[in-house]
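Taking it in order: structure first as structure tokens, then the write-up.
Residue numbers (mature numbering (1 follows the signal peptide of the UniProt record, and there is no 0)): -24 to -1, 1 to 525.
Set out below in structure tokens:
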């Protein structure tokens, strides 16, 4: 995971919101209705913010992801309640491997893009090659880094941030992709990875039609997908994006005739429109208005756990934070529930793990005592670690609503640990990430995480493995690295969970971060629509929404 990614790193407001066979395939045949009879009809509107991009391989934020979720059908799906992988309603028939390194993806027959082109193996090779090709500078480029041939498409910069540019790639195609036939794609990875079937449900792995190659810039303004809805005209920037039901869709057709994504720059404006009947669905309610929303919408107020995870990391390159007892003391001195209730109207769930509860294999409380509020024990641990002298600086990104809860943390550290000189350092997000990358942050720092795919590995390896792409603490433990590698090389997604559990246990014992809380999604909808369901990725399943006529 690249550290500059806006979708995974949570830079938004503080209150916003695996059952496979032994060889990686599923026993669920997932047959889709070829007829896909349309039901209901009518149209409705959906809240969205202005997307950054609408090419799947360059879309890694929630605004664009919401729109692409309507326009595309992924290779695999996940059940809304349990996040388990399923081929039902997805493009893949099966994804199998004998060694977890060479994977064979079989596609279902009959799916087409909105311009009539077939959704075939070549359309996936085309898309993944475009995403991996370095000069395209697509935001999801790193998702293809474990496919053979990635390095050839991304030559190293000879002088880092210096004036020299990397050499041009000698090829535009990943050597690890092989189109076997129209409905079969073979993928060779650099190392065994049991979680591969989960990863391909993400936006980066959506297919692209030939029309994309003709004019990528034009494609961005009116994407041609393979999903239940198709574009109705061009993307009207900062205003709206209209989509209509794709009548030739091979799977179950969307219930509504059309959806208008109304683009808002202010969530309170959108919320007022929802109250006034000028908006039908909003999936990111303002946290300061949650109490009002619960009473206003009643059964039309929806709440479910999300994958978002907020934590406070320690800069382990600073000797002051080397003792695990000190880090545990900080954790036990913080009353998470009190902060959630006072600052966030109870809208979060205290974290007792580093893996979101929406992920298959997540455990309720592996952290135990170290994540339990206990001021007396915290003070004892701090004394055993040699105490604290001098100022303590808490770091966070500015302009995103983190000031109040970081102030609450500072007050608890003063009261419970006797650290009287607590200071704050807040910076714009880009500058903040730059200092984290440069290892120039001098105290505990706030960061957040949102899953790309529902696997414990997605919470463990990027943040906690040695040299992990988002390991800003510089934490390194060979035992953790070994256990993560063991989970990755397991014979199936399910078989890898035990190794991931043991890795998490070691991480929580070492406490390189303080788990703070997991997010919840709060949504509301008008009385014009029904069957509004939010999945674990916080996406409204727009194809299932019915309109009351």
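Glycine residues also receive a C-beta, built at the ideal position from the N, C-alpha and C atoms. Just so it is clear, the structure is predicted and the values come from calculations on it, not from any experiment.
{"Asked": "So, with DSSP's three-state summary, where would you put residue 495?", "Found": "strand"}
{"Asked": "Using only CA atoms, which one of 226, 31 and 393 lies nearest to residue 309?", "Found": "393"}
{"Asked": "If we ignore side chains and look at the alpha-carbon of each, how far apart do residue 460 and residue 473 end up?", "Found": "10 Å"}
{"Asked": "Identify every run of the alpha helix (DSSP H) within the stretch 343 to 404, keeping only runs that are complete inside it and at least 4 residues long; order them along the chain.", "Found": "351 to 360 and 379 to 393"}
{"Asked": "Counting pairs of Cβ atoms below 8 Å between the stretch 283 to 300 and the stretch 444 to 451, do you hit three or more?", "Found": "yes"}
{"Asked": "Three or more beta-carbon pairs under 8 Å between the stretch 409 to 424 and the stretch 497 to 505, yes or no?", "Found": "no"}
{"Asked": "Quick test of your reading: residue 148 and residue 520, contact by CB under 8 Å. State the CB separation rounded to the nearest angstrom.", "Found": "Not really, about 38 Å apart at Cβ, beyond 8 Å."}
{"Asked": "Just to confirm before moving on: does the CB-CB distance between residue 122 and residue 179 stay below 9 Å?", "Found": "no"}
{"Asked": "Residues bridged to residue 73 by DSSP?", "Found": "79"}
{"Asked": "Would residue 156 be called buried (16 or more neighbouring beta carbons within 10 Å of its own) or exposed?", "Found": "exposed"}
{"Asked": "How far does the beta strand (DSSP E) with residue 219 in it reach, from first residue to last?", "Found": "216 to 221"}
{"Asked": "Could you check the C-alpha separation between residue 93 and residue 150 for me, to the nearest Å?", "Found": "23 Å"}
{"Asked": "Going by DSSP, what residue range makes up the alpha helix (DSSP H) through residue 483?", "Found": "473 to 486"}
{"Asked": "Quick one: using the 10 Å Cβ neighbour count with 16 as the cut-off for buried, is residue 268 buried or exposed?", "Found": "exposed"}
{"Asked": "Hey, could you find the ends of the beta strand (DSSP E) residue 425 is sitting in?", "Found": "421 to 425"}
{"Asked": "Mind checking who residue 541 pairs with in its DSSP beta bridge?", "Found": "This structure cannot settle anything about residue 541, because the visible part of the chain is limited to -24 through 525."}
{"Asked": "Buried or exposed: which applies to residue 413, given that a residue is buried once 16 or more other Cβ atoms fall within 10 Å of its Cβ?", "Found": "exposed"}
{"Asked": "Opposite residue 500 in the DSSP bridges: which residues?", "Found": "258 and 277"}
{"Asked": "In its own chain, which residues sit with a C-beta less than 7 Å from the C-beta of residue 43, not counting the 5 before and 5 after it?", "Found": "24, 27, 30, 217 and 237"}
{"Asked": "What would DSSP say about residue 436, mapped onto helix, strand or coil?", "Found": "helix"}
{"Asked": "Would you report the Cα separation of residue 395 and residue 364, rounded to the nearest angstrom?", "Found": "7 Å"}
{"Asked": "If you follow the alpha helix (DSSP H) that residue 43 is in, where does it begin and where does it stop?", "Found": "38 to 47"}
{"Asked": "Helix or strand or just coil, what does DSSP make of residue 290?", "Found": "coil"}
{"Asked": "In terms of residue numbering, what span does the alpha helix (DSSP H) encompassing residue 416 cover?", "Found": "Where residue 416 is concerned, there is no enclosing alpha helix (DSSP H), given that its DSSP letter is neither H nor E."}
{"Asked": "Assign residue 113 to buried or exposed, taking buried as 16 or more other Cβ atoms, counted over all protein chains shown, within 10 Å of its Cβ.", "Found": "exposed"}
{"Asked": "Cα separation between residue 331 and residue 438?", "Found": "12 Å"}
{"Asked": "Check residue 192 in the structure and name its three-state DSSP category.", "Found": "helix"}
{"Asked": "Please work out which residues of its chain come closer than 6 Å, Cβ to Cβ, to residue 273, disregarding the five sequence neighbours upstream and downstream, and give them in chain order.", "Found": "500"}
{"Asked": "Please report the residue range of the alpha helix (DSSP H) in which residue 301 lies.", "Found": "300 to 308"}
{"Asked": "In angstroms with no decimal places, state the Cα-to-Cα distance between residue -9 and residue 285.", "Found": "Low per-residue confidence applies at residue -9: pLDDT is 43, beneath 50, and the placement is therefore not dependable, though the value from the model is reported in the following sentence. Between residue -9 and residue 285, the C-alpha separation is close to 12 Å."}
{"Asked": "Touch check for the stretch 296 to 309 and the stretch 346 to 362: three-plus C-beta pairs under 8 Å?", "Found": "yes"}
{"Asked": "Going by DSSP, what residue range makes up the alpha helix (DSSP H) through residue 51?", "Found": "Where residue 51 is concerned, there is no enclosing alpha helix (DSSP H), given that its DSSP letter is neither H nor E."}
{"Asked": "Do you know whose CA, among 227, 351, 280 and 95, lies nearest residue 304's CA?", "Found": "351"}
{"Asked": "Residue 317 and residue 366: beta carbons closer than 9 Å?", "Found": "no"}
{"Asked": "Using only CA atoms, which one of 87, 57 and 404 lies nearest to residue 229?", "Found": "87"}
{"Asked": "Identify every run of the alpha helix (DSSP H) within the stretch 140 to 214, keeping only runs that are complete inside it and at least 4 residues long; order them along the chain.", "Found": "172 to 175, 186 to 190 and 192 to 197"}
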